[in-house]
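A.B. asks: The following block contains the structure, expressed as structure tokens.
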Amino acid sequence: MGGNFSYINPCWNLRVYQSAYSFNSSIPTASNIMASVNQYQYICLALLFVLAAWASQATARNLHEASMYERHEDWMVQYGREYKDADEKSKRYKIFKDNVARIESFNKAMDKSYKLSINEFADLTNEEFRASRNRFKAHICSTEATSFKYENVTAVPSTVDWRKKGAVTPIKDQGQCGSCWAFSAVAMEGITQLSTGKLISLSEQELVDCDTSGRIKAAVVV
1 MGGNFSYINP
11 CWNLRVYQSA
21 YSFNSSIPTA
31 SNIMASVNQY
41 QYICLALLFV
51 LAAWASQATA
61 RNLHEASMYE
71 RHEDWMVQYG
81 REYKDADEKS
91 KRYKIFKDNV
101 ARIESFNKAM
111 DKSYKLSINE
121 FADLTNEEFR
131 ASRNRFKAHI
141 CSTEATSFKY
151 ENVTAVPSTV
161 DWRKKGAVTP
171 IKDQGQCGSC
181 WAFSAVAMEG
191 ITQLSTGKLI
201 SLSEQELVDC
211 DTSGRIKAAV
221 VV
């Protein structure tokens, strides 16, 4: 038979159609572009938020550290503290910082009837403080004592703060001197104020100077 005819391969047409579909689907649309931009902006904002939070925390830590260092310097001036070298100062500063944090945490809890404060021992560990204080172990002798009873006592308050009544002098530091007998003796300044209305801070040093025998014995307030 003669004549022209045409033949269309259905598989080839399918491949052409699939290729055209793939090509068209890869062309970005306006909605796809906006979605990508929005997603990118969200990621950038999240990263900026994280960086800002980290920078804020770092700044707060630096400011706190600078403030603590300044407090330590002021404390050194107040109590005349000097260190032999930079290593010793760094060590004492760390102890000071830990003690201050412990004091502030204790006071913040507000579950006690008293508060703590920074004193001249703030750069010592608890072990160092105990080693430098409270070392004297006296032999306590038991003695016969007569019973004592109050007379004409009516209502008694559950607590008494003698500081509010003006019967307490500033804290006195015995240090490492074995003159506890003198400190015990001058404790009468409190009862003197309650009796006379005048608070006079008595001198332990005067008692020690007048003790010409040089014999230092243990004593307690009774």
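Numbering-wise, the UniProt record's numbering puts 58 at position 58 of the sequence shown, and it's gapless, one number per residue.
Just so you know, even glycine gets a beta-carbon here, dropped at the ideal spot from N, CA and C.
Please report the Cβ distance between Val208 and Ser184, rounded to the nearest whole angstrom; I am assuming they are in contact, meaning their Cβ atoms lie under 8 Å.
C.D. replies: Not a contact, Cβ separation roughly 12 Å.
A.B. asks: Tell me whether Asn99 is buried or exposed, calling it buried when 16 or more other Cβ atoms sit within 10 Å of its Cβ.
C.D. replies: Buried, because 16 or more other Cβ atoms sit within 10 Å of the Cβ of Asn99.
A.B. asks: I'd like to check one pair, Phe106 with Leu116: are the Cβ atoms closer than 8 Å?
C.D. replies: Going by C-beta atoms, Leu116 is nearer than 8 Å to Phe106.
A.B. asks: Please tell me whether Ala187 and Glu204 are closer than 8 Å, where the distance is taken between their beta carbons.
C.D. replies: Not in contact: Ala187 and Glu204 (Cβ atoms no closer than 8 Å).
A.B. asks: Taking the alpha helix (DSSP H) that Val100 falls in, what are its first and last residues?
C.D. replies: Where Val100 is concerned, the enclosing alpha helix (DSSP H) stretches over Ala86 to Ala109.
A.B. asks: Starting from the Cα of Leu202, find the closest Cα among Thr192, Phe96 and Asp211 and give me that residue.
C.D. replies: The shortest Cα separation from Leu202 among Thr192, Phe96 and Asp211 belongs to Thr192.
A.B. asks: For Ser22, does the three-state DSSP call read helix, strand or coil?
C.D. replies: Bear in mind that the predicted position of Ser22 carries a pLDDT of just 48, short of 50, making it unreliable; the figure below should be weighed with that in mind. If DSSP states are grouped into helix, strand and coil, Ser22 belongs with the helices.
A.B. asks: What's the gap between the Cα of Asn38 and the Cα of Arg102?
C.D. replies: About 48 Å.
A.B. asks: Taking Lys164 as the reference, give the member of Glu151, Gly190 and Thr146 with the closest Cα.
C.D. replies: Of the listed residues, the one whose Cα sits closest to Lys164 is Gly190.
A.B. asks: May I ask which residues mark the beginning and end of the alpha helix (DSSP H) holding Leu194?
C.D. replies: Start and end: Met188 to Thr196.
A.B. asks: According to DSSP, is Asn38 helix, strand or coil?
C.D. replies: The answer is helix: DSSP assigns Asn38 an H, G or I state.
A.B. asks: So for Asn126, helix, strand or coil by DSSP?
C.D. replies: Note: Asn126 maps to helix in three-state DSSP.
A.B. asks: Going by C-alpha to C-alpha distance, which of Asp87, Tyr93 and Gln78 sits closest to Glu65?
C.D. replies: Checked all of Asp87, Tyr93 and Gln78; the closest Cα to Glu65 is Tyr93.
A.B. asks: Going straight from the alpha carbon of Phe96 to that of Pro170, what length do you get?
C.D. replies: Each residue's Cα considered, the two are about 23 Å apart.
A.B. asks: What residue does the alpha helix (DSSP H) around Asp173 start on, and which one ends it?
C.D. replies: Where Asp173 is concerned, there is no enclosing alpha helix (DSSP H), given that its DSSP letter is neither H nor E.
A.B. asks: Does any residue of chain C have a CB that is nearer than 8 Å to the CB of Phe106?
C.D. replies: Chain labels in this structure do not include chain C; a single protein chain is all it has.
A.B. asks: Cα-Cα, which of Tyr40, Ala167 and Ala122 is closest to Ile200?
C.D. replies: That would be Ala167, whose Cα lies nearest to the Cα of Ile200.
A.B. asks: Would you mind reading off the limits of the alpha helix (DSSP H) that contains Leu207?
C.D. replies: First-last of the alpha helix (DSSP H) with Leu207: Glu204 to Cys210.
A.B. asks: Taking the CB atoms as reference points, tell me whether Tyr79 and Glu120 lie closer together than 8 Å.
C.D. replies: Yes, the Cβ-Cβ distance between Tyr79 and Glu120 is below 8 Å.
A.B. asks: Go ahead and label Ala122 buried or exposed: buried means 16 or more other beta carbons lie within 10 angstroms of its beta carbon, across all protein chains shown.
C.D. replies: So Ala122 ends up on the buried side.
A.B. asks: Please identify the residue among Ile118, Tyr114, Asp111 and Val153 whose C-alpha is closest to the C-alpha of Arg71.
C.D. replies: Checked all of Ile118, Tyr114, Asp111 and Val153; the closest Cα to Arg71 is Ile118.
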